[in-house]
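Student:
Numbering (this note's numbering), first residue to last: 305 to 629.
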């Protein structure tokens with residue numbers, strides 16, 4: 305058996321190095337950038353003078369993305385061999401992921417109403433209704449993830465794994481339903497709405513209509529740009545991850561496509577990762593998806609005039625307070 309492992313090692317060495325770099329260094333960088341950036345985004349948007357509906361969504365998205373990074377870090381850093389903690393972390397991870405996607409979907413629907421049906425938007429899109437919608441989305445995300453708490457358990461070897469008494473076919477059906485209902489369906493809806501909004505804005509811009517020129521003030525145009533940047537990046541990255549997961553159901557995991565390396569022992573200092581038993585393509589897809597939860601503040605800075613204005617005001621206020629001291 306040792307001779308087989310030794311003969312397999314050279315062919316997998318490049319893949320082991322990729323996994324080691326990702327799980328040891330790339331994850332840490334994404335955690336640091338994402339947690340600091342999302343917390344900063346929450347502070348800036350919370351202090352924004354414009355208490356509009358999109359601002360509430362941006363705050364909720366930043367909070368949800370922070371929780372995604374936090375739970376992902378728990379899966380990689382913390383030993384989940386405690387019964388209860390094992391189930392809770394996996395349940396929370398799926399819940400906050402679906403919550404983040406639902407928030408982008410909700411914001412997409414509101415942007416569609418305001419851009420494509422502005423008269424209805426004045427009645428339908430309100431701050432109080434947005435708050436209720438966000439709370440409802442959080443409840444739906446948690447309820448939709450409860451099965452995750454049953455699937456995982458701590459086995460006799462003190463490992464957090466799938467329950468052995470659950471049939472593989474049932475797990476396959478559950479995984480497919482989660483991918484389609486909680487990921488792919490809302491993601492394709494987000495992409496469709498985004499394309500519709502973009503076409504509508506371009507049509508108005510090309511016609512130079514009075515309604516467009518008067519309604520698209522810098523703050524509103526800034527919010528639309530930030531919304532499109534965040535939603536498109538999240539949708540495309542999650543779609544990438546979902547597609548790679550789906551391919552896994554139809555391609556043998558021991559094939560060259562998946563470069564399975566679970567027989568290789570982890571290098572010293574390597575973090576325990578939920579994806580160790582999977583493949584390099586899944587690991588890379590996970591990094592791309594994780595990055596979408598880490599770059600919110602960059603998207604806000606590059607696309608949102610309102611965010612930049614509020615961030616400058618916050619920095620100036622802190623400088624004045626320090627000068628007084």
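All residues carry an ideal CB built from backbone N, CA and C; glycine is no exception.
(1) Straight-line CA distance for residue 350 to residue 461?
(2) Just curious, the alpha helix (DSSP H) that residue 394 is in, first and last residue?
(3) According to DSSP, is residue 382 part of a helix, a strand, or is it coil?
(4) Quick one: grab the DSSP three-state call for residue 457.
(5) Report, in whole angstroms, the separation of the C-beta atoms of residue 394 and residue 452, which I expect to be a contact under 8 Å.
(6) Suppose the cutoff is 7 Å on Cβ atoms and the five residues either side in sequence are ignored; what does the same chain contact list for residue 466 look like?
(7) Just curious, the alpha helix (DSSP H) that residue 446 is in, first and last residue?
(8) State the start and end residues of the unbroken alpha helix (DSSP H) segment that holds residue 348.
(9) Take residue 404 as the anchor and find which of 497, 611, 491 and 606 has the nearest alpha-carbon.
(10) Whose C-beta lies closer than 7 Å to the C-beta of residue 493 among residues of the same chain, with five residues either side of it excluded?
(11) Give me the Cβ distance between residue 400 and residue 419, rounded to the nearest whole Å; I'm assuming they're in contact under 8 Å.
(12) Once you ignore the five residues that flank residue 496 on each side, which residues in its own chain have a CB closer than 6 Å to its CB?
(13) As a quick exercise: from 458, 625, 589 and 441, pick the residue whose alpha carbon is nearest that of residue 386.
(14) Any idea if residue 422 is buried or exposed, counting beta-carbon neighbours within 10 angstroms, 16 or more meaning buried?
(15) Looking at C-beta atoms only, is the number of pairs between the region 482 to 489 and the region 421 to 441 that lie closer than 8 Å three or more?
(16) Anyone know if the C-beta pair for residue 535 and residue 445 falls short of 8 Å?
Tutor: The structure says:
(1) Working through the chain shown from its first residue, we reach residue 350 at position 46. Working through the chain shown from its first residue, we reach residue 461 at position 157. Each residue's alpha carbon lies about 46 Å from the other.
(2) Taking the first residue of the chain shown as position 1, residue 394 is located at position 90. Unbroken alpha helix (DSSP H) run through residue 394: 389 to 420.
(3) Locating residue 382 in the chain shown gives position 78, where the first residue counts as 1. It is coil, neither helix nor strand.
(4) Sequence index remark: in the chain shown, residue 457 carries index 153 (1-based). In the structure shown, residue 457 sits in a strand (DSSP, three-state: E or B).
(5) Residue numbering aside, residue 394 sits at position 90 when the chain shown is read from its first letter. Residue numbering aside, residue 452 sits at position 148 when the chain shown is read from its first letter. The C-beta distance from residue 394 to residue 452 rounds to 5 Å, short enough to meet the 8 Å contact threshold.
(6) Position 162 of the chain shown, counted from the first residue, corresponds to residue 466. Here the set comprises 455, 456 and 475.
(7) By 1-based counting over the chain shown, the position of residue 446 is 142. From DSSP, the alpha helix (DSSP H) with residue 446 extends over 431 to 448.
(8) In the chain shown, counting from the first residue as 1, residue 348 sits at position 44. Taken as a continuous stretch (DSSP letters only), the alpha helix (DSSP H) holding residue 348 covers 331 to 350.
(9) The residue labelled residue 404 in the question sits at position 100 within the chain shown. Answer by Cα proximity: 491.
(10) On the chain shown, residue 493 is found 189 positions in, with the first residue counted as 1. So the qualifying residues of the chain are 409.
(11) Translated into the one-based positions of the chain shown, residue 400 becomes position 96. Translated into the one-based positions of the chain shown, residue 419 becomes position 115. Contact flag wrong, Cβ pair sits at about 28 Å.
(12) Within the chain shown, the letter at position 192 stands for residue 496. No residues qualify anywhere along the chain.
(13) Here residue 386 is taken as the residue at index 82 of the chain shown, counted from 1. When each option's Cα is compared against that of residue 386, the closest is 458.
(14) Along the chain shown, one-based indexing puts residue 422 at 118. Residue environment for residue 422: exposed (fewer than 16 other C-beta atoms within 10 angstroms of its C-beta).
(15) Flag = no, the region 482 to 489 and the region 421 to 441 do not touch.
(16) Translated into positions along the chain shown, residue 535 becomes position 231. Translated into positions along the chain shown, residue 445 becomes position 141. No; because the gap between Cβ atoms is not below 8 Å, this pair is not in contact.
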